[in-house]
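Before any comments, here is the structure.
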Amino acid sequence: MAEINHAVKGTGDILPKEAYKIQFVEKQMMETARLYGFREIRVPVFEHTEVFSRNVGDTTDVVQKEMYTFEDKGGRSITLRPELTAGVVRSSIEHGIIYDALPQKVCYIGGCYRYEKPQAGRLREFHQFGIECFGASSPAADAEVISVANQILHSVGIEKISLEINSIGCPTCRKEYQKALTEYFSAHSQELCETCNDRLGRNPMRILDCKSPVCSKIAEKAPTVLDFLCEDCKEHFEGVKKHLDAMGLNYSINPHIVRGLDYYTRTVFEFVSGDIGSQSTVCGGGRYDGLVAQMGGNQTPALGFAIGIERLLLLLKNQETPIPADKTCDLYIAPMGESASVYSSKLCSILRNDGFEVQTDICGRGLKAQMKYADKINAKFSIVLGDNELENGKCNLKNMSTGNITEISLDNLSDELLTAINKSALDDLNESLGI
Ligand code: ATP
Ligand code: MG
Numbered sequence: 088m089a090e091i092n093h094a095v096k097g098t099g100d101i102l103p104k105e106a107y108k109i110q111f112v113e114k115q116m117m118e119t120a121r122l123y124g125f126r127e128i129r130v131p132v133f134e135h136t137e138v139f140s141r142n143v144g145d146t147t148d149v150v151q152k153e154m155y156t157f158e159d160k161g162g163r164s165i166t167l168r169p170e171l172t173a174g175v176v177r178s179s180i181e182h183g184i185i186y187d188a189l190p191q192k193v194c195y196i197g198g199c200y201r202y203e204k205p206q207a208g209r210l211r212e213f214h215q216f217g218i219e220c221f222g223a224s225s226p227a228a229d230a231e232v233i234s235v236a237n238q239i240l241h242s243v244g245i246e247k248i249s250l251e252i253n254s255i256g257c258p259t260c261r262k263e264y265q266k267a268l269t270e271y272f273s274a275h276s277q278e279l280c281e282t283c284n285d286r287l288g289r290n291p292m293r294i295l296d297c298k299s300p301v302c303s304k305i306a307e308k309a310p311t312v313l314d315f316l317c318e319d320c321k322e323h324f325e326g327v328k329k330h331l332d333a334m335g336l337n338y339s340i341n342p343h344i345v346r347g348l349d350y351y352t353r354t355v356f357e358f359v360s361g362d363i364g365s366q367s368t369v370c371g372g373g374r375y376d377g378l379v380a381q382m383g384g385n386q387t388p389a390l391g392f393a394i395g396i397e398r399l400l401l402l403l404k405n406q407e408t409p410i411p412a413d414k415t416c417d418l419y420i421a422p423m424g425e426s427a428s429v430y431s432s433k434l435c436s437i438l439r440n441d442g443f444e445v446q447t448d449i450c451g452r453g454l455k456a457q458m459k460y461a462d463k464i465n466a467k468f469s470i471v472l473g474d475n476e477l478e479n480g481k482c483n484l485k486n487m488s489t490g491n492i493t494e495i496s497l498d499n500l501s502d503e504l505l506t507a508i509n510k511s512a513l514d515d516l517n518e519s520l521g522i
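In the numbering used here, the protein residues as written are 88 to 522.
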């Protein structure tokens, strides 16, 4: 029974006092993506397993080792999504989005599930914000997608983060590269880890992504993919760089980026930071021109990225980036006695309809305990309702941070409260400006 009091390993809770941070980040993401024309898409948390493990030869850790796969009561093989791209592609084919006016731009926020070793920045349930753009093959599209990620990271206040880009070519030029890599790594096969030895026979590019120190050391001197790009891929990559330059985005070229999923072609990129430990990638993405056709749609160029939301929050915390404070209760109404309590319910209803956050006593507490609670929840203002106030139709509006008291009319509470909130905000601003 001990389990009942603990979240499952690798999962976490977002508590009410912290939720405003994630809400802020998610709002910035959605609003920034909208500036580029991306509209939200929501897809199921689970899909048929084949949506994710499309080909038998898949060599990625995500598909080979990390998926939560189970049989449902109807005997179907179901997988909790380890990422959203495959589900979004499935949906876009199923609902004909990719046959509509192109390009189609979609964005999403959702939970992802991977059976990984939990550590800082690596969870078994985590959340991604991502975008996908269908039907655009030009380098301008790559730069636009990268720019969305860049603008999002800046919009939440991140100032220090690096953009690394690479091109992993198309299936044609990659063949030559794979050959050269196989030759290089075969000479080191004795030192490579067991998984990489398996990768050697199936997809040597995966070795470049291995996190083991020995393998990554060997990978450092491996042939680089950029030397093997065909003319078209080279030209595309040059185009992407030109557009990025025009947009004023700084980047470096990292020929070791191969990304963790098999469907990428040409441009791949990551936003990385040294401030979140070894899980340094906050955002990863790239072009995947073959995936839509592989999943049964017409050949459609596509690209996108995903940002790990927990990792982004960790980065904000570690870089001590300020997040706008949570909004607090506008007014606490403290009734004394039964009829005041009923009247308070009436006032609360009016004020909430007018858009104020208002709380009153629902525990039957005395005045002292109520005021303590009003303090605790950081109410901006409070009023006490007793027999006198009900008789006179007037009450004292108390500014909880300054202690200032203004007599106001209960009939006009909404207007009086709005004036008081605005005045207090202005006073705070003047004080912070030293006026
Ligand atoms: P990594 O190399 O860190 O394992 P990945 O290549 O598996 O990343 P993607 O599949 O491209 O990552 O996912 C995009 C983003 O989602 C990552 O950059 C990261 O921010 C986040 N992410 C991936 N796996 C996890 C996880 N287990 N826990 C938390 N965030 C994650
Ligand atoms: Mg991973």
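Cβ coordinates follow ideal geometry from the N, Cα and C atoms, glycine included.
message: Quick test of the definition: if touching needs 3 or more C-beta pairs under 8 Å, does the region 224-237 touch the region 195-205?
response: The answer is no - the region 195-205 does not touch the region 224-237, with fewer than three Cβ pairs under 8 Å.
field: Delimiting residues of the beta strand (DSSP E) encompassing T269
entry: Your numbering for residue 269 matches position 182 in the sequence shown. Premise fails: T269 lies in the alpha helix (DSSP H), 258-273, not in any beta strand (DSSP E).
field: G288 classed as buried or exposed, judged by whether at least 16 other C-beta atoms fall within 10 angstroms
entry: Sequence index remark: in the sequence shown, residue 288 carries index 201 (1-based). Per the 10 Å Cβ criterion, exposed.
query: Any idea which residues DSSP pairs E134 with across the strands?
result: Position 47 of the sequence shown, counting from 1, holds the residue named residue 134. DSSP lists T166 as the beta-bridge partner residues of E134.
- request: Assign S432 to one of three DSSP states: helix, strand, or coil.
  value: As a first step, residue 432 is located in the sequence shown; it is residue number 345 there, counting from the start. S432: helix per DSSP, three-state reduction.
message: Does the distance between the C-beta of D145 and the nearest non-hydrogen atom of ligand 2 fall short of 7 Å?
response: Counting from one through the sequence shown, the residue named residue 145 turns up at place 58. No - ligand 2 has no heavy atom lying nearer than 7 Å to the Cβ of D145.
field: E158 - DSSP class collapsed to helix/strand/coil
entry: Mapped onto the sequence shown, residue 158 falls at position 71. In the structure shown, E158 sits in a strand (DSSP, three-state: E or B).
query: What's the gap between the Cα of K160 and the Cα of E134?
result: On the sequence shown, position 73 is the one that residue 160 refers to. On the sequence shown, position 47 is the one that residue 134 refers to. Rounded to whole angstroms, K160 to E134 spans 15 Å at the Cα level.
- request: On a CA-only basis, which of G480, N405, G124 is nearest Q191? Give me that one, please.
  value: The count along the sequence shown starts at 1 and reaches residue 191 at position 104. Nearest C-alpha to Q191: G124.
- prompt: Taking the alpha carbon of K308 as the point to measure from, which residue in R293, L268, T282 has its own alpha carbon closest?
  reply: For the purposes of this step, residue 308 is taken as the residue at position 221 of the sequence shown. Nearest option by C-alpha distance: L268.
- prompt: Beta carbon of L402: closer than 7 Å to some heavy atom of ligand 1?
  reply: Along the sequence shown, read from residue 1 onward, the residue named residue 402 stands at position 315. Result no, Cβ not under 7 Å from ligand 1.
- request: Just mark P422 as buried or exposed, buried being the case when its beta carbon has 16 or more other beta carbons within 10 Å.
  value: What you label residue 422 is simply residue 335 of the sequence shown in a count that begins at 1. Its Cβ being crowded by 16 or more others within 10 Å, P422 is buried.
- prompt: Leaving out the 5 sequence neighbours to the left and right, which residues in its chain are closer than 7 Å to R346 when beta-carbon positions are compared?
  reply: As a working mapping, residue 346 is identified with position 259 in the sequence shown. Here R346 has V355, G371, G373 as same chain residues with Cβ atoms under 7 Å from its own Cβ, once five neighbours each way along the sequence are excluded.
Residue environment, T119, which counts as buried when at least 16 other CB atoms sit within 10 Å: If you number the sequence shown from 1, residue 119 lands on position 32. It is buried - the Cβ of T119 has at least 16 other Cβ atoms within 10 Å.
- request: Count the C-beta pairs between the region 202-222 and the region 407-418 that are closer than 8 Å, then say yes if the count reaches three, no if not.
  value: No, the region 202-222 does not touch the region 407-418.
Start and end residues, beta strand (DSSP E) containing Q115: Taking the sequence shown and counting its residues from 1, the one referred to as residue 115 is at position 28. Element bounds for Q115: not the beta strand (DSSP E) but the alpha helix (DSSP H), 106-122.
- prompt: From G244, S249, Q238, Q446, pick the residue whose C-alpha is nearest to that of N341; which is it?
  reply: Here the question's residue 341 lines up with position 254 in the sequence shown. Closest option to N341, Cα to Cα, is S249.
message: Please list the terminal residues of the continuous beta strand (DSSP E) segment that includes A389.
response: Within the sequence shown, residue 389 is the residue found at index 302, counting from 1. Membership of A389 in the beta strand (DSSP E) is indicated by the continuous run 389-395.
Residues of its chain near V175, where Cβ-Cβ distance is below 7 Å and the 5 sequence neighbours each way are ignored: Position 88 of the sequence shown, counted from the first residue, corresponds to residue 175. Residues I128, V130, V193, Y195, E219 of the same chain have their beta carbon placed closer than 7 Å to that of V175, with the five preceding and five following residues left out of the count.
- request: Go through its chain and collect everything with a Cβ distance to S367's Cβ below 7 Å, but skip five positions before and after it.
  value: If you number the sequence shown from 1, residue 367 lands on position 280. Taking C-beta separations shorter than 7 Å and ignoring five residues to either side along the sequence, the partners of S367 in its chain run V359, S360, G361, following chain order.
task: Please report the residue range of the alpha helix (DSSP H) in which F324 lies.
output: Start at 1 with the first residue of the sequence shown, and residue 324 comes out as number 237. Segment 318-333, the alpha helix (DSSP H) holding F324.
- prompt: Are A427 and L472 touching if we call contact CB-CB under 8 Å?
  reply: The residue given as residue 427 occupies position 340 in the sequence shown. The residue given as residue 472 occupies position 385 in the sequence shown. Their beta carbons are under 8 Å apart, which means A427 touches L472 by this criterion.
query: Ordered along the chain, which non-local residues of its own chain (more than five positions away) have a Cβ less than 6 Å from that of T311?
result: Taking the first residue of the sequence shown as 1, we reach residue 311 at position 224. Contacts found: P342.
- prompt: Leaving out five residues before and five after Y155 in sequence, what residues of the same chain have Cβ atoms less than 7 Å from its Cβ?
  reply: By one-based count along the sequence shown, residue 155 stands at place 68. These residues qualify, in order along the chain: T166, L167, Y200, Y202.
- prompt: Touching or not, the region 254-262 and the region 314-323, by the rule of three or more beta carbon pairs under 8 Å?
  reply: Enough Cβ pairs lie closer than 8 Å, so yes.
- request: Work out the CA separation of V301 and F443 for me, nearest whole Å.
  value: Walking along the sequence shown from the start, residue 443 turns up at place 356. Walking along the sequence shown from the start, residue 301 turns up at place 214. About 59 Å.
query: Starting from A421 and walking both ways along the beta strand (DSSP E), at which residues does that stretch end?
result: Here residue 421 is taken as the residue at index 334 of the sequence shown, counted from 1. First-last of the beta strand (DSSP E) with A421: 418-422.
message: Going by DSSP in three states, E251 sits in which element: helix, strand or coil?
response: The residue labelled residue 251 in the question sits at position 164 within the sequence shown. E251 falls in the strand class under three-state DSSP.
message: Measuring straight from C-alpha to C-alpha, what distance separates S140 and V150?
response: Counting from one through the sequence shown, the residue named residue 140 turns up at place 53. Counting from one through the sequence shown, the residue named residue 150 turns up at place 63. For S140 and V150, the distance between alpha carbons rounds to 6 Å.
field: Element boundaries [beta strand (DSSP E), containing I482]
entry: Residue numbering aside, residue 482 sits at position 395 when the sequence shown is read from its first letter. Here residue 482 is Cys; the residue named in the question, Ile, does not match the sequence. Note, C482: beta strand (DSSP E), 481-486.
- request: Could you tell me which residues DSSP pairs with L171 in its beta bridges?
  value: Along the sequence shown, one-based indexing puts residue 171 at 84. According to DSSP, which records beta bridges pairwise, L171 is partnered with nothing at all.
message: Please state whether the Cβ-Cβ distance between S496 and G480 is less than 8 Å.
response: Taking the first residue of the sequence shown as 1, we reach residue 496 at position 409. Taking the first residue of the sequence shown as 1, we reach residue 480 at position 393. Remark: C-beta atoms of S496 and G480 approach each other more closely than 8 Å.
task: Please determine if the region 424-441 and the region 377-397 are in contact, where contact requires at least 3 C-beta pairs separated by less than 8 Å.
output: At 8 Å Cβ cutoff, the stretches do not touch.
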